[in-house]
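Engineer:
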Amino acid sequence: MKNAQAKRYNQALEKAGMRERPVGLLDLEAFDRNAVALRERAGNIPIRVASKSLRVRWALERVLAQPGFSGVLCFTLAEALWLASHGLKDLVVAYPQTDPGAISRWASSEQARDQITVMIDDVAQLDLIDKVAPGHLELKVALELDAAYYPSPSLRLGAARSPLHDPEDVAELARLVLRRGGFKVEGLMGYESQIASVPDGGFGLKALLARTMRKRSAAELAERRNETVQLVNAVAPLRFVNAGGTGSIETSVQESGVSEISAGSGLFAPALFDAYKSFRPTPALFLGFSVVRRPEPDIVTILGGGWIASGPSGKSRLPQIAWPKRLKYLPLEAAGEVQTPLRGATASKLKIGDTVWLRHAKAGEPAERLNRLAVYSNGQIVEDWPTYRGEGKAFL
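Using our numbering, count along the sequence shown one by one with no gaps and you end on 1459.
1. For V1240, collect the residues of the same chain with a Cβ closer than 6 Å to its Cβ; drop the 5 residues on either side in sequence, then sort them by chain order.
2. Quick check on the DSSP output: the beta strand (DSSP E) that includes A1385 runs from which residue to which?
3. So what's F1246 in DSSP terms, helix, strand or just coil?
4. Relative to the C-alpha of E1142, which candidate in R1120, K1278, I1108, F1336 has its C-alpha closest?
5. Decide yes or no for the touch test of the stretch 1344-1358 against the stretch 1143-1150: beta carbon pairs closer than 8 Å, at least 3 of them.
6. Rounded to the nearest angstrom, what separates T1139 and G1164 at their Cα positions?
7. Tell me which same chain residues have a C-beta within less than 6 Å of the C-beta of A1222, skipping the five on either side of it?
8. Under three-state DSSP, which class holds I1179?
9. Compute the Euclidean distance between the alpha carbons of L1350 and R1238, then round it to the nearest angstrom.
10. On the premise that M1252 lies in contact with N1305, defined as a C-beta separation below 8 Å, what is that separation, rounded to the nearest angstrom?
11. Tell me which same chain residues have a C-beta within less than 8 Å of the C-beta of A1457, skipping the five on either side of it?
12. Going by CA-CA distance only, name the one from R1084, A1170, I1324, Y1212 that's closest to I1108.
13. Going straight from the alpha carbon of D1095 to that of R1242, what length do you get?
14. S1322 to V1099, Cα distance in whole Å?
15. Is it the case that the Cβ atoms of K1378 and D1263 are separated by a distance below 7 Å?
16. Going by DSSP, what residues sit across from G1087 in a beta bridge?
17. Using three-state DSSP, classify T1314 as helix, strand or coil.
18. Can you tell me where the beta strand (DSSP E) with T1450 in it begins and where it stops?
19. Closer than 8 Å by C-beta to A1410: which residues in its own chain qualify, once you throw out the five before and the five after it? Chain order, please.
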């Protein structure tokens, strides 16, 4: 973030009377540019929006109103039910669900049965649904293919998700669903995290190995997913075949059997996406924290700041200091629970009450810390969007 950009954000917040910190600021022009960029990368393949990467209903509604975006990839059934109650349609829950209350509401609501599809990869998940809602009408389910890459039998590269690795395993589950009744196979999903979540930029041996792995994994998965689609379609015609993530759109759209792409993080463009070379989204979501202390001449302390991203622990999960430049975390404190000291040459220019701007490593997680986002456009705050938390929802 350049000085002029920080100045514009600070002035817009002051003019709008938004003086509380921390504050989440969404640059609407950057958000919309990122939506266009995602659409261009996907070509003619529609994008299903990953709600976990936003967790702001108004942001979901805005992007879904644009061409090229259709449907939502939800993270819990309770979330999908809530979104359906607000009129959102074609909701796919990307993870198996065991919440009895949510399952009961899904099974008993005609609207929910029509609009919501839940992921499965095991007959035991169907058994649980039948136990919670005995005698239910037909419910829509999708099957998940294990999209991880195995260079050797003992080495998995990619998320440990579905146990269904072989195409025939997925087809057999489709047959079991068909035979038992009460469920309809709607779709197939496979999330290639070893491609989507592994940057393709950088130099050196590590970067070269990452690019090589991505290429080999994409080739292996394309062949295996295509076979899976053919086998499952012979059992139950698939309405959708979902693939990818923001980081793997280019490889996913090359597969003839893929009918839609999932993406969401590329809209907010968090810090972890700075390391990709095949695409460069514009940072759109910023977090402002107030300077409250000056323990040393070259150190300022902000209130809060320790919003650490999920995933394997390490420096990459810390918030990135966006403004001012030339500030660093203290090695023995890093980003703190209640306060975060920052050292650097620009610390002396900051006054008590000034705002330091950070970027979260991941896209949707800051929404669990904020009740609202200040929406910035053309030099001013134009709207105030509540997050899931701001609407009283905490799904995970």
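Virtual Cβ for every residue (Gly too), placed ideally from N, Cα, C.
Structural biologist: A quick look at the data gives this:
1. Correct list, in chain order: F1246, V1248.
2. DSSP places A1385 inside the beta strand (DSSP E), whose first and last residues are 1383-1386.
3. In this structure, F1246 counts as strand in the three-state DSSP scheme.
4. Among R1120, K1278, I1108, F1336, the Cα nearest to that of E1142 belongs to R1120.
5. Too few Cβ pairs lie closer than 8 Å, so no.
6. Distance between the alpha carbons of T1139 and G1164 is about 12 Å.
7. Cβ-Cβ distances below 6 Å link A1222 to S1256 in the same chain, with the five nearest sequence neighbours on each side left out; the list follows chain order.
8. Shown here, I1179 sits in a strand according to DSSP, grouped into three states.
9. Rounded to whole angstroms, the separation of the alpha carbons of R1238 and L1350 is 49 Å.
10. Confirmed, Cβ separation roughly 4 Å.
11. Closer than 8 Å at Cβ, skipping near neighbours: E1431, Y1451.
12. The option with the nearest alpha carbon to I1108 is I1324.
13. Using only the alpha carbons, I get a separation of about 45 Å.
14. One C-alpha to the other measures close to 19 Å.
15. Result no, Cβ atoms of K1378 and D1263 do not sit closer than 7 Å.
16. DSSP lists L1350, L1436 as the bridge partner or partners of G1087.
17. Helix.
18. For T1450, no beta strand (DSSP E) run applies, since DSSP gives it neither H nor E.
19. Within the same chain, Cβ atoms closer than 8 Å to the Cβ of A1410 are found at R1357, P1360, D1361, I1362, V1363, L1390, the five residues on either side in sequence being excluded.
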